[in-house]
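Engineer:
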Amino acid sequence: GVMLSIIEDAKRGRYLTVPGGPIIDWSEREVVEAAFAEMKRIALRTGSVFVRIRPQLVTSEPAKQIFKTYGCKSSPMHLHAELSSILDITRSEVELLAGVRKTTRHEIRKAQNIGIKIETSKDEKGIKDFYDLQIKTAKRQKFVPFSYSFFREQFKVFFEKDRAFLYTATFEGRLLAQAFIIFYGAEAVYHYGASTDEGRKYPGAYLLQWEAIKEAKQRGMKRYNFWGVAPEEERDHRFYGVSVFKRGFGGQDVSYLHAQDLVIDNFWYLINYVTETLRKKIRRV
65 GVMLSIIEDA KRGRYLTVPG GPIIDWSERE VVEAAFAEMK RIALRTGSVF
115 VRIRPQLVTS EPAKQIFKTY GCKSSPMHLH AELSSILDIT RSEVELLAGV
165 RKTTRHEIRK AQNIGIKIET SKDEKGIKDF YDLQIKTAKR QKFVPFSYSF
215 FREQFKVFFE KDRAFLYTAT FEGRLLAQAF IIFYGAEAVY HYGASTDEGR
265 KYPGAYLLQW EAIKEAKQRG MKRYNFWGVA PEEERDHRFY GVSVFKRGFG
315 GQDVSYLHAQ DLVIDNFWYL INYVTETLRK KIRRV
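Here the numbering used here runs 64 ahead of the position in the sequence shown, where the first position is 1.
1. Nearest to Phe-290 by CA position, among Val-318, Gly-263, Arg-264 and Glu-298, is which residue?
2. Rank Lys-132, Asp-73 and Leu-80 by C-alpha distance to the C-alpha of Glu-97 and give the top, closest one.
3. Where Lys-174 and Thr-167 are concerned, what is the direct C-alpha to C-alpha distance, given to the nearest angstrom?
4. By the DSSP assignment, the beta strand (DSSP E) with Glu-72 in it spans what residues?
5. Go ahead and label Leu-108 buried or exposed: buried means 16 or more other beta carbons lie within 10 angstroms of its beta carbon, across all protein chains shown.
6. Taking contact to mean 3 or more Cβ pairs, one atom from each stretch, closer than 8 Å, check whether the segment 242–258 and the segment 196–210 are in contact.
7. Once DSSP output is grouped into helix, strand and coil, what is the label at Asp-350?
8. Using the C-alpha atoms, what's the distance from Glu-102 back to Leu-160?
9. Does DSSP put Arg-78 in a helix, a strand or coil?
10. Less than 6 Å between C-beta atoms, sequence neighbours within five positions excluded: which residues of the same chain meet that for Lys-281?
11. From what residue to what residue does the beta strand (DSSP E) around Leu-121 run?
12. Of the choices Gly-315, Glu-72, Lys-225 and Tyr-266, whose alpha-carbon is the least far from that of Phe-247?
13. Taking all protein chains shown into account, decide if Asn-330 is buried (16 or more other Cβ within 10 angstroms of its Cβ) or exposed.
14. Can you give me the C-alpha to C-alpha distance between Tyr-231 and Phe-244, rounded to a whole angstrom?
15. Am I right that Ser-69 and Val-82 are in contact with their C-beta atoms under 8 Å? What's the rounded C-beta distance?
16. Taking the DSSP output, what are the residues bridged to Ala-228?
17. What are the partner residues of Ser-211, as DSSP defines its beta bridges?
18. Mapping the DSSP letters down to three states, classify Trp-291 as helix, strand or coil.
19. When you compare the CB positions of Leu-240 and Ala-233, do they come within less than 9 Å of one another, or not?
20. Please tell me whether Lys-278 has its Cβ less than 9 Å away from any Cβ of chain C.
21. Where do the N-terminal and C-terminal ends of the beta strand (DSSP E) with His-144 fall, by residue?
22. With a threshold of 6 Å on Cβ separation, who are the neighbours of Phe-100 within its own chain once the five nearest residues in sequence on each side are excluded?
23. Taking all protein chains shown into account, do 16 or more other C-beta atoms lie within 10 angstroms of the C-beta of Leu-151, making it buried, or fewer, making it exposed?
24. On the criterion of 16 or more Cβ atoms from any shown chain inside 10 Å, does Phe-229 qualify as buried, or is it exposed?
25. Is Tyr-134 helix, strand or coil by DSSP?
26. Rounding to the nearest angstrom, what Cα-Cα distance links Gly-111 and Arg-283 in this structure?
27. In the DSSP assignment, find the alpha helix (DSSP H) that holds Ala-101 and state where it starts and stops.
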């Protein structure tokens, strides 16, 4: 199996995160035992209070039971997207376009008719420009962006292997929106996105996504993952608007198992739990 464990240093104590993993055969008990033993070993060696795990497992009672067996607690916070909108792109372009929401289809056609341009790039300057736009978007939507070094290194790895492109939507030379799309295996992923204030007045983001979907189809992929969406019933969620946009393309919601915490130090974990629970209520996430 494979596992990425990341050390997170916080005032309330160090902890580990295991996003999207461990990548193992969860039906093999010995393999699962070895994975939990290794996570605990790393946590003890690094002086971590707990290990936050968000495996790539679809939510189910058997999946929940695995983590209960090893004494994990349901995390007060998420770790990466736990609800995603995923579009089956094995159908024809005509069928896909017919399957999108009426308003979404209208915006795609409007963007084409007024001459919005979609371009792709893999250069480092584009990464810096996108990061600057991401910072502005983060301030507007009130979320904490990743560091520039994180963006740059992540982009470079995928760009060098021709597995990602930076998509840009412009109108009459003016920037409207950008998105970082990863093409890997049988799935394309809308990993990051950002828009300008002017971009909110034009349908550039709609055409951008449609062009990325078509590229994924040309590469023979089966799914287009719009990544995180807010629950449909949570209308006051700060990402409700962007979730409506993503769902407009006709994908189906897929729920991944909520983040699980493997507790190492009960006292400091309790402090973390209370702090994060309060923070979640304040930030409406």
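Cβ coordinates follow ideal geometry from the N, Cα and C atoms, glycine included.
Structural biologist: If we stick to the structure as given:
1. On the sequence shown, position 226 is the one that residue 290 refers to. Nearest to Phe-290 by alpha-carbon distance, out of Val-318, Gly-263, Arg-264 and Glu-298, is Val-318.
2. Translated into the one-based positions of the sequence shown, residue 97 becomes position 33. Comparing Cα-Cα distances from Glu-97 to each of Lys-132, Asp-73 and Leu-80, the minimum goes to Lys-132.
3. To locate residue 174, count along the sequence shown from 1; it is residue 110. To locate residue 167, count along the sequence shown from 1; it is residue 103. So the alpha carbons of these two residues sit roughly 10 Å apart.
4. Here residue 72 refers to the residue found at position 8 of the sequence shown. Taken as a continuous stretch (DSSP letters only), the beta strand (DSSP E) holding Glu-72 covers 70–72.
5. By 1-based counting over the sequence shown, the position of residue 108 is 44. So Leu-108 ends up on the exposed side.
6. Yes, since at least three Cβ pairs between the segment 242–258 and the segment 196–210 fall closer than 8 Å, the two stretches touch.
7. Because the chain spans 65 through 349 in this model, residue 350 falls outside it and cannot be assessed.
8. The residue you call residue 160 lines up with position 96 of the sequence shown. The residue you call residue 102 lines up with position 38 of the sequence shown. Leu-160 and Glu-102 have their C-alpha atoms roughly 44 Å apart.
9. If you number the sequence shown from 1, residue 78 lands on position 14. Correct three-state label for Arg-78: coil.
10. Locating residue 281 in the sequence shown gives position 217, where the first residue counts as 1. Same-chain partners within the cutoff: Ile-153.
11. In the sequence shown, the residue the question calls residue 121 occupies position 57. Leu-121 -> no beta strand (DSSP E), and no H or E assigned at all.
12. The sequence position of residue 247 within the sequence shown is 183, counting from 1. When only C-alpha atoms are compared, the closest one is Lys-225.
13. One-based indexing of the sequence shown puts residue 330 at position 266. So Asn-330 counts as exposed.
14. Counting from one through the sequence shown, the residue named residue 231 turns up at place 167. Counting from one through the sequence shown, the residue named residue 244 turns up at place 180. When rounded, the separation of the alpha-carbon atoms in Tyr-231 and Phe-244 is 6 Å.
15. Here residue 69 refers to the residue found at position 5 of the sequence shown. Here residue 82 refers to the residue found at position 18 of the sequence shown. Contact holds; Cβ gap of about 5 Å.
16. Walking along the sequence shown from the start, residue 228 turns up at place 164. Ala-228 pairs with Ile-246.
17. As a position in the sequence shown, residue 211 is number 147, starting the count at 1. Checking the DSSP bridge columns, you'll see Ser-211 has no partner listed.
18. The residue labelled residue 291 in the question sits at position 227 within the sequence shown. Note: Trp-291 maps to strand in three-state DSSP.
19. Along the sequence shown, read from residue 1 onward, the residue named residue 240 stands at position 176. Along the sequence shown, read from residue 1 onward, the residue named residue 233 stands at position 169. Going by C-beta atoms, Leu-240 is nearer than 9 Å to Ala-233.
20. Among the protein chains of the structure shown there is no chain C, as only one such chain exists.
21. Residue mapping note: residue 144 aligns to position 80 of the sequence shown, counting from 1. Looking at the DSSP string, His-144 is not in any beta strand (DSSP E), and its letter there is neither H nor E.
22. Translated into positions along the sequence shown, residue 100 becomes position 36. Excluding residues up to 5 positions away in sequence, Tyr-134 lie with their Cβ nearer than 6 Å to the Cβ of Phe-100 in the same chain.
23. Taking the first residue of the sequence shown as 1, we reach residue 151 at position 87. So Leu-151 ends up on the buried side.
24. Working through the sequence shown from its first residue, we reach residue 229 at position 165. Phe-229 comes out buried.
25. Mapped onto the sequence shown, residue 134 falls at position 70. Tyr-134: coil per DSSP, three-state reduction.
26. For the purposes of this step, residue 111 is identified with residue 47 of the sequence shown, where counting begins at 1. For the purposes of this step, residue 283 is identified with residue 219 of the sequence shown, where counting begins at 1. Rounded to the nearest whole angstrom, the C-alpha separation of Gly-111 and Arg-283 is 45 Å.
27. By 1-based counting over the sequence shown, the position of residue 101 is 37. For Ala-101, the enclosing alpha helix (DSSP H) has its first and last residue at 93–110.
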